[in-house]
Each structure stands twice: as C-alpha cells, then as structure tokens.
Amino acid sequence: MSTVPQDNIRNFSIVAHIDHGKSTLADRLIQATGGLTDREMKEQVLDSMDIERERGITIKAQTVRLDYKAKDGKTYILNLMDTPGHVDFAYEVSRSLAACEGALLVVDASQGVEAQTLANVYQAIDNDLEIVPILNKIDLPAAEPDRIKAQIEEVIGIDASDAVLISAKTGIGIPDVLEAVVTRLPPPKGDPDAPLKALLVDSWYDAYLGVIVLVRVIDGRLKKGARIRMMRADAVYDVERVGYFTPKLVPVDDLGPGEIGFFTGSIKEVADTRVGDTITDDKKPTAEALPGFRPAQPVVFCGLFPADAAQFEELRAAMGRLRLNDASFSFEMESSAALGFGFRCGFLGLLHLEIIQERLEREFNLDLIATAPSVIYKITLTDGSEVELHNPADMPDVMKIREISEPWIRATILTPDEYLGAILKLCQERRGIQSDLSYVGSRAMVTYDLPLNEVVFDFYDRLKSISKGYASFDYHLTDHKPGDLVKLQILVNAEPVDALSMLVHRTQAERRGRAMCEKLKDRIPQHLFVIPIQAAIGGKIIARETVRAMRKDVTAKCYGGDITRKRKLLDKQKEGKRKMRQFGKVDIPQEAFIAALKMDD
C-alpha cells in the first residue's frame, strides 16, 4: 500500500507556447525536489529523443513523479507532465491534460500570450482544470510582468493578479511554483475500494521490457500480478511490473487512486494499447468505461520512397519500428511508376512529417524521397456514394464526380502590427476568408478560415519569414467544404508522372503547372530526342516547356557533291529521332523530383 494519503497527491501539466520555457521549468522542478542529483542533471532532461534536444522542442509528453516537503511540514507527491507546445502535437497535450487536475500556464514575460498559449489553455479549461498562471523569463531586460498580467486577463479571461513570477533559467521563484502547486491545485478524487478503473495515457516500446504502458489510476488499485482487461481493445494481460518515473524507473507493488505510473505485461505491439482505453480488473470489472480521447487523425499524407530501390525492405522494417513508439503515424504500401515501391504515410501536420522523415534517415540510415504532401479530399460520385481520396493519382474519372470537398481550418494568427498587411495579403493569396480581427495591446489577433491544402505546402515558413519570426500560428480542422478543384498532371514525353500529380484550385492550376514545368526543364538532362514537358488538366494542356535534343552532325563526312546525299542522311536522322521519341524512355533524376516538389512562390 502506498503511504501517502490521497489528499497529498497533485497531478499537473505544464502548458505553454513553443519556447516559453516549459522544459526548462520542468528541469528546475526536478532539481529542486531532488528527483535527480546535480551530476545526473542535463538540459531538457525529459526530452529523451536526440531530435527534441537538437531542435529544442518537445515532441512526446513525458511524466515524472517528485516528492516535495512543503512549508506546512507535509510530504506531497507531485506528478508532473511536460507537454509539447507545437500545433502538430496538440493531441499529446489533450492526453496529458485528461490525466491531471491542474495546469501551470507558462507565459513569457517579454513576449506575452501567443497563438499556441491560447489553444493549449482552452484545452485545459475544457478539461475543467485549475490553472495557475506563471510568468517566466522575468530576468530579461525586456520583461514587462504587469503588462503581461493584464494581457492574460484580457485575452484568456483568467485572473492573473497572483501569477507566480519566475526565471526558470536562473532558478528565481521555483520554490513559489512548488508552493502554488500544493496550495492552489486540487487533490485527485477516487475510491480505493471500488473496482480498478485506470486511463491509458500513453505507451511506447522498450527493447528490454516490451511495451510500457503509462496509466492514471482513477479508482481501485493496480497491483503487480493482477490480471487486467483493456475494455475497448478487449484484450487481457497479466501485470508483470508496476512503477513510476522519477525520471528513473522505480518499481512498486501497486498504484492507488490519483497516482500516475506505468505497468508492463508482455505486450508485443504498441498498436494493441490504444491511447484513451480504460483498464480494469478482468474478474471484477468496472461498470462503465471512461470517455477516452478522440484518436489522432492524420491530416497530411505523403509518399515516402527509398532513393535506392534495394532499401525497400529496410524502410518497411524501420517504419514498423517507428510505429511502435508513435501510434499517430500510419502507413500503407504503394507503388509509383517513377519512384518504385514505397509507402503512403499519414501525419498530424508538416512538422510531424519532417520529424518522422528525419528520424527514419537518422536512426535507420535511409535515404528517402518524399512526394508532394496532400490532404484528405471527400469526393461525392454521381451515384450518390462518397469516397475519400488520399493520393491524387487515385482520383476517379471526372465524368463520375459530382463534387469534391476539401478540408478547411480555422487559423488564429497573432502578430505585431507592422507585419499585419503582409500577413493579410498572404492569407488572401491562399484563398483565406477573414472572420475576425482584434487587438491585444500592440499586437493584432487575426482569425482566418483557410483551405488546409494551401497551408500544407509552405504557409508556416512564409508566415515566419514575412513576420521575421514574430507571428505565431495555431489551427484546428473545422469541416470539409466543396471547392472548384482540378487534378493537375505533369506529362514528360507524353507519359504522366504519377508522383507529381496533385489536386489544386482551378485559379491556382496554371501558375503551379507552369512553375513545375520550368523546374523540370532545368533538371532533366538532354536526350537524343526532344522532350516535351507539359502540365495538363484532364485533356487540356495548360503549360509546356521543351528540353532540346542533343544533335549529332551526320553530314560531317560529306564533302561537296550533290545536296541530295546530305538530305538523305538528314531525313534518315529525322526518322530515327521520331522512332526514338516513340520508344525512348526519359530518365528523370531524383533531384528533379525534389526540386519540382519544393513549392516556393
């Protein structure tokens, strides 16, 4: 039995915008409570992946249990969850918040409230969490705590008069944060004598222990040796090990209500442990399951192909292993005439795509080519049925299509006033519809409805470059709306190249087609025959470029004599070129694909 009474447990997560200091604050809290010795400490201790440490971002939510002796003399158990700030990993945040009773809202005392701060704090409010505002980086000369407090009250609508002022980097105010957690956040509720009911928060694969399952116990006790049932997956397992993280693994005999910990039970696949599932006792099950979470829905799709066809099996194995640690990543096999065998993969957003691609290249030494990212379109056919389209190459015949709907998002952009004009122009170019514009002090907050198709390519990069990095951006999917969309095909020597086909809005088709033809013309090497490169919508060619042929001078050996001798040789050459063009195969080099897929205006 655990010795700490339930009233002395506090479960909380840290939410904030990217770079406002969540992971640094987590480091200081671990250090202050003696979770790790100074020698074991390192920067961003909870960010375990190399990519997280290099990019300075959190990708996976991590948990740690801290023992804290408060000023009132009692010892408290603090379960801290460090969450990601980036929009692509918002589902990680929603899972962590569901396992907590409170949240620390970290706001940069010089930057103020950003788009992602809003998105994450609203998720916390939806989960009925108690929120403690914390102003970080007060040691900076640009910090304005009073102005930011007023801004938090004005924008978010929560009382910030007693916000805790800290500097996570230098350690100022860390004891005040610990006291605020103990005094201002509520203890968990739960009945230790009721049947076991626990929420599956996360799971990942460990080479030695198999699948490690992170759980938050709501009622009852999770004991070592017990036989448990996962209610939604309807699978039964024997619990082999129970414990918690300090960030080191600490084994215990059981976990009681309100505690967050892990168990293992010779589970082979992470796919068997669905996040949000309810865990209960097999013999004495709980009456009803917990509501769980919405599963992470892939938003962006793209094809990943090995640059060297011989690496296909390695790629398949690598994807299977990555899937073990990232249940939100989905893939299925596909083949392309130009690129050979590969996989069609689903991602939560472009950063997720970039990170998966980087992990595959780094951790498994693969050389990959990614096709143009696309979104899920809904197509209503003339017979009334509806199909989902993930890959533009699979689009049904135009005559059978009644309408095509594309996903739209609601985007919130916060920007300093001087960049507002350029940002509004960018959103208009991307077919955006403005729904709101308000001011928060000297910063504008714009809300736009945008088609996801236009955001997926390079919207975020363009936004950052025109605002010199000051604008912040957050979005959520709203619904599918019908649009005037056409399939743009690229033909090289009259052969369609499926890896380059995409769905675009009719108004953008010509510009996009022309840009791709120009890029391919510069990258495809000359052959012995003329190569036409065309962009087409259906049977209509909308743009064309030509790669000129290499010429051999066949008349070099004729000196003087009758003109008919030269004519005969030239006609023979012309005939040969025509035949060659008919049967000749054009090799498109890899870099031509990569250049054509990079869209820059």
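Residue numbers (the working numbering): 396 to 996.
Even for Gly, the Cβ is constructed at its ideal location relative to N, Cα and C.
Note down, one range per segment and in chain order, each beta strand (DSSP E) of at least 3 residues found wholly within the region 798–845. 828–835
May I have the straight-line CA-CA distance separating E801 from A682, to the nearest angstrom? Mapped onto the sequence shown, residue 801 falls at position 406. Mapped onto the sequence shown, residue 682 falls at position 287. If you take the alpha carbons of E801 and A682, they lie about 41 Å apart.
Take L617 as the anchor and find which of A628, P652, R669 and T578 has the nearest alpha-carbon. Translated into positions along the sequence shown, residue 617 becomes position 222. The residue with the shortest Cα to Cα distance from L617 is P652.
Between the C-alpha atoms of P536 and I561, what's the straight-line distance to the nearest angstrom? Translated into positions along the sequence shown, residue 536 becomes position 141. Translated into positions along the sequence shown, residue 561 becomes position 166. Taking the straight line joining both Cα atoms gives about 14 Å.
Close-in-space but distant-in-sequence residues of the same chain around V645 (CB under 6 Å, 5 per side omitted): By 1-based counting over the sequence shown, the position of residue 645 is 250. Same-chain partners within the cutoff: G638 and Y639.
In the DSSP output, which residue or residues are listed as bridge partners for G656? Counting from one through the sequence shown, the residue named residue 656 turns up at place 261. V610, per the DSSP bridge assignment.
Among the candidates F738, A765, E890 and F736, whose CA atom is the shortest distance from the CA of E749? Along the sequence shown, one-based indexing puts residue 749 at 354. Closest option to E749, Cα to Cα, is A765.
Cα-Cα separation between Y600 and T458, rounded to whole angstroms: Taking the first residue of the sequence shown as 1, we reach residue 600 at position 205. Taking the first residue of the sequence shown as 1, we reach residue 458 at position 63. When rounded, the distance between both Cα atoms is 16 Å.
So, helix, strand or coil for R622, using DSSP? Residue mapping note: residue 622 aligns to position 227 of the sequence shown, counting from 1. Here R622 sits in strand by DSSP.
Beta-carbon separation of A563 and T419 under 7 Å? Taking the first residue of the sequence shown as position 1, residue 563 is located at position 168. Taking the first residue of the sequence shown as position 1, residue 419 is located at position 24. Yes, the pair counts as a contact, with Cβ atoms nearer than the cut-off.
In its own chain, which residues sit with a C-beta less than 7 Å from the C-beta of G715, not counting the 5 before and 5 after it? By 1-based counting over the sequence shown, the position of residue 715 is 320. Contacts found: none.
If you draw a straight line from the C-alpha of D966 to the C-alpha of T950, how long is it? As a working note, residue 966 is residue 571 in the sequence shown. As a working note, residue 950 is residue 555 in the sequence shown. Cα to Cα, the separation comes out at about 11 Å.
Within 6 Å: the Cβ of F742 and any heavy atom of the ligand GTP? As far as ligands go, the structure on display features none, and thus does not contain the ligand GTP.
What does a CB cutoff of less than 6 Å around F700 pick up in its chain, not counting 5 residues either side in sequence? Residue numbering aside, residue 700 sits at position 305 when the sequence shown is read from its first letter. Closer than 6 Å at the Cβ level, and outside the excluded window around F700, lie L734, G737 and I764.
Contacting residues, own chain, Cβ-Cβ under 8 Å from D614 (five flanking each side not counted): In the sequence shown, counting from the first residue as 1, residue 614 sits at position 219. Closer than 8 Å at the Cβ level, and outside the excluded window around D614, lie G585, D586, P587, A589, P590, L591, K592, P652 and T681.
Simplified DSSP state of C953, which is helix, strand or coil: Translated into the one-based positions of the sequence shown, residue 953 becomes position 558. In this structure, C953 counts as coil in the three-state DSSP scheme.
Here's the rule I'm using: 16 or more other beta-carbon atoms within 10 Å means buried, otherwise exposed. How should M476 be labelled? Within the sequence shown, residue 476 is the residue found at index 81, counting from 1. Buried is the call here.
Straight-line CA distance for S830 to Y843? Here residue 830 refers to the residue found at position 435 of the sequence shown. Here residue 843 refers to the residue found at position 448 of the sequence shown. When rounded, the distance between both Cα atoms is 6 Å.
D649 (DSSP reduced to helix, strand or coil): Residue mapping note: residue 649 aligns to position 254 of the sequence shown, counting from 1. DSSP places D649 in strand when its eight states are reduced to three.
Among R542, L832, V694 and V647, which one has its Cα closest to the Cα of K773? Reading the sequence shown from its first residue, position 378 is the one you call residue 773. Per the Cα distances, V694.
Please work out which residues of its chain come closer than 7 Å, Cβ to Cβ, to A621, disregarding the five sequence neighbours upstream and downstream, and give them in chain order. Here residue 621 corresponds to residue number 226 of the sequence shown, with the count starting at 1. Counting only Cβ-Cβ distances below 7 Å, and skipping sequence neighbours, we find V634 and D676.
CA-to-CA distance, L898 to P787, given in whole angstroms: Within the sequence shown, residue 787 is the residue found at index 392, counting from 1. Within the sequence shown, residue 898 is the residue found at index 503, counting from 1. Their Cα atoms are separated by approximately 6 Å.
Specify the secondary structure class of H922 as computed by DSSP and reduced to three states. For the purposes of this step, residue 922 is identified with residue 527 of the sequence shown, where counting begins at 1. Correct three-state label for H922: coil.
Y603 in three-state terms, based on DSSP: Within the sequence shown, the letter at position 208 stands for residue 603. Three-state DSSP puts Y603 in coil, outside helix and strand.
Just to confirm my understanding: we take E727, look at its own chain, exclude 5 residues before and 5 after, and list those with CB closer than 6 Å. What are they? For this step, residue 727 is matched to residue 332 along the sequence shown. So the qualifying residues of the chain are R739.
Within 10 angstroms of its Cβ, does C822 collect 16 or more other Cβ (buried), or is it exposed? Walking along the sequence shown from the start, residue 822 turns up at place 427. Buried, by the Cβ-count rule.
Cβ atoms of Q511 and D869: under 7 Å apart, would you say? Here the question's residue 869 lines up with position 474 in the sequence shown. Here the question's residue 511 lines up with position 116 in the sequence shown. Yes, the pair counts as a contact, with Cβ atoms nearer than the cut-off.
Evaluate the contact criterion for the region 540–547 versus the region 563–583: three or more CB pairs, one atom per stretch, below 8 Å. no
Start and end residues, alpha helix (DSSP H) containing V670: Walking along the sequence shown from the start, residue 670 turns up at place 275. Here V670 belongs to no alpha helix (DSSP H), and DSSP marks it neither H nor E.
Apart from the five residues on each side of it in sequence, which residues of its chain come closer than 7 Å, Cβ to Cβ, to P528? Counting from 1 along the sequence shown, the entry for residue 528 is found at position 133. L500, V502, I547, I553, A555 and A558.
When you compare only the Cα positions, how much space is there between V410 and R797? Locating residue 410 in the sequence shown gives position 15, where the first residue counts as 1. Locating residue 797 in the sequence shown gives position 402, where the first residue counts as 1. Roughly 44 Å between the two C-alpha positions.
For C697, which of helix, strand or coil comes out of DSSP? Counting from 1 along the sequence shown, the entry for residue 697 is found at position 302. The answer is strand: DSSP assigns C697 an E or B state.
Would you tell me roughly how many angstroms separate the C-alpha atoms of L710 and G698, rounded to the nearest one? The sequence position of residue 710 within the sequence shown is 315, counting from 1. The sequence position of residue 698 within the sequence shown is 303, counting from 1. Roughly 12 Å between the two C-alpha positions.
Helix or strand or just coil, what does DSSP make of E539? The residue you call residue 539 lines up with position 144 of the sequence shown. Of the three classes helix, strand and coil, the one that applies to E539 here is coil, per DSSP.
Does DSSP put S562 in a helix, a strand or coil? Within the sequence shown, residue 562 is the residue found at index 167, counting from 1. S562 falls in the strand class under three-state DSSP.
Measure the Cβ-Cβ separation of I885 and E905 and say whether it is below 7 Å. As a working note, residue 885 is residue 490 in the sequence shown. As a working note, residue 905 is residue 510 in the sequence shown. The answer is no: Cβ separation not under 7 Å.
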